[in-house]
Amino acid sequence: MSSQGLFISFEGIDGSGKSTQARLLADHLRDTGRDVILTREPGGSPGAEEIRALVLQGDPDRWSAETEILLFTAARRDHVERTIRPALAAGKVVVCDRFADSTRMYQGMSRGDLRGVVDSLHDLMIGLEPDLTILIDMDPSEGLSRALSRRGAEERFEDFGEDLQKAMRAGFLALADEFSDRYRIVDGARDVEAVAADVRAVAERFGSLRPA
Ligand code: ADP
Ligand code: TYD
Numbered sequence: 022m023s024s025q026g027l028f029i030s031f032e033g034i035d036g037s038g039k040s041t042q043a044r045l046l047a048d049h050l051r052d053t054g055r056d057v058i059l060t061r062e063p064g065g066s067p068g069a070e071e072i073r074a075l076v077l078q079g080d081p082d083r084w085s086a087e088t089e090i091l092l093f094t095a096a097r098r099d100h101v102e103r104t105i106r107p108a109l110a111a112g113k114v115v116v117c118d119r120f121a122d123s124t125r126m127y128q129g130m131s132r133g134d135l136r137g138v139v140d141s142l143h144d145l146m147i148g149l150e151p152d153l154t155i156l157i158d159m160d161p162s163e164g165l166s167r168a169l170s171r172r173g174a175e176e177r178f179e180d181f182g183e184d185l186q187k188a189m190r191a192g193f194l195a196l197a198d199e200f201s202d203r204y205r206i207v208d209g210a211r212d213v214e215a216v217a218a219d220v221r222a223v224a225e226r227f228g229s230l231r232p233a
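Plus 21 on top of the position in the sequence shown (first one is 1) and you've got my numbering.
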């Protein structure tokens, strides 16, 4: 890899298979000899994991939309400082399950139009975008039933139900259009291995355009 490393994020609605596919891609890239960090948001560093518990557990109305933007951005700042930038500087591939596009969608859309606030804070405090974002796209009814079947303490956004997930799916497809340089869309409504094969192909095609 180049000394700049490579930053790959996965996005999509809850239950679309991002975590599964991020793990499989990280395993595949390691098998091909690359140095890979698999990480996730919110979280990915000790401080950000503490913030994760604050935003994903407890009463869904615990925070206002604006406070939530600050908390997710604070978590991301710590994650970028402590985990992502050092890994990229060491030439590693960073595979991240969700990144700033999730804030653009969930905090930017779910309780009024706050996309401008999300983007301003992102520019001020983060200023980093993935080189490649893989959108695992699928119908929300399937994603939601998958997400609910592994229900745990972190239920925050899954609780908003199918209408919001439908809006999120449309929103992610619009983001893919807005950031078409870095976005690639993969159909997630197939068996795990079929999706993984497409994800590998996308990453390899993208990686082959980069200096080795
Ligand atoms: P996400 O990170 O997008 O919420 P996960 O990877 O955690 O999604 O998957 C949600 C649930 O669906 C898990 O129980 C997982 O084992 C299952 N799952 C993931 N991908 C598929 C697939 N292609 N087909 C069927 N079930 C899947
Ligand atoms: P995640 O653990 O990826 O959930 P899932 O596996 O169900 O997709 O993310 C947890 C929740 O956090 C998810 O509902 C989306 C939400 N989220 C935001 O609202 N804003 C953000 O910036 C991020 C990163 C996640």
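Ideal Cβ positions, reconstructed from N, Cα and C, are used throughout, including at glycine.
Note that the coordinates shown come from a computational prediction; the quantities given were computed from them, not determined experimentally.
(request) Buried or exposed for P81, please, with buried defined as at least 16 other CB atoms from any protein chain shown within 10 angstroms of its CB. (result) exposed
(request) Pull up the distance between the alpha-carbon of A111 and that of A95, whole angstroms please. (result) 24 Å
(request) May I have the straight-line CA-CA distance separating P67 from F200, to the nearest angstrom? (result) 30 Å
(message) With a threshold of 8 Å (Cβ to nearest heavy atom), would D35 be considered close to the ligand TYD?
(response) yes
(message) Using the three-state DSSP reduction, which class does T104 fall into: helix, strand or coil?
(response) helix
(message) Taking a contact to mean a Cβ-Cβ separation below 9 Å, would you say Q128 touches F93 in this structure?
(response) yes
(request) Classify V220 as buried or exposed, calling it buried when 16 or more other Cβ atoms lie within 10 Å of its own Cβ. (result) buried
(request) Using three-state DSSP, classify E32 as helix, strand or coil. (result) strand
(message) Does the stretch 185-200 come into contact with the stretch 32-51, if we say contact requires no fewer than three beta-carbon pairs (one atom in each stretch) closer than 8 Å?
(response) yes
(message) Give me, in chain order, the residues of the same chain whose beta-carbon lies closer than 6 Å to that of I105; leave out the 5 immediate sequence neighbours on both sides.
(response) V115
(request) Report yes if the C-beta distance between A121 and L156 is below 9 Å; otherwise report no. (result) no
(request) Tell me, to the nearest whole angstrom, how far the beta carbon of S37 is from that of G209; I am working on the premise that it is less than 8 Å. (result) 5 Å
(message) If the criterion is Cβ atoms closer than 9 Å, does the pair L27 and L153 meet it?
(response) yes
(message) Can you check which of these residues, R205, R203, S170, S162, is closest to Q186 by C-alpha distance?
(response) S162
(request) Taking only heavy atoms of the ligand TYD into account, decide whether any of them is closer than 8 Å to the Cβ of T124. (result) yes
(request) Write down the C-beta distance between E70 and G79 rounded to the nearest angstrom, noting that I regard them as a contact closer than 8 Å. (result) Not a contact, Cβ separation roughly 16 Å.
(message) Are there any heavy atoms of the ligand TYD lying less than 8 Å away from the beta-carbon of Y204, as far as the coordinates show?
(response) no
(message) Please report the straight-line C-alpha distance between V101 and R226, rounded to a whole angstrom.
(response) 26 Å
(request) Below 8 Å CB to CB, which residues in the same chain sit around R98 once its five sequence neighbours on both sides are set aside? (result) M146, I147
(request) Give the range of the beta strand (DSSP E) segment to which I72 is assigned. (result) Careful: I72 lies outside any beta strand (DSSP E), inside the alpha helix (DSSP H) at 67-77.
(request) Use the C-beta contact count for R83: other C-beta atoms within 10 angstroms, 16 or more gives buried, fewer gives exposed. (result) exposed
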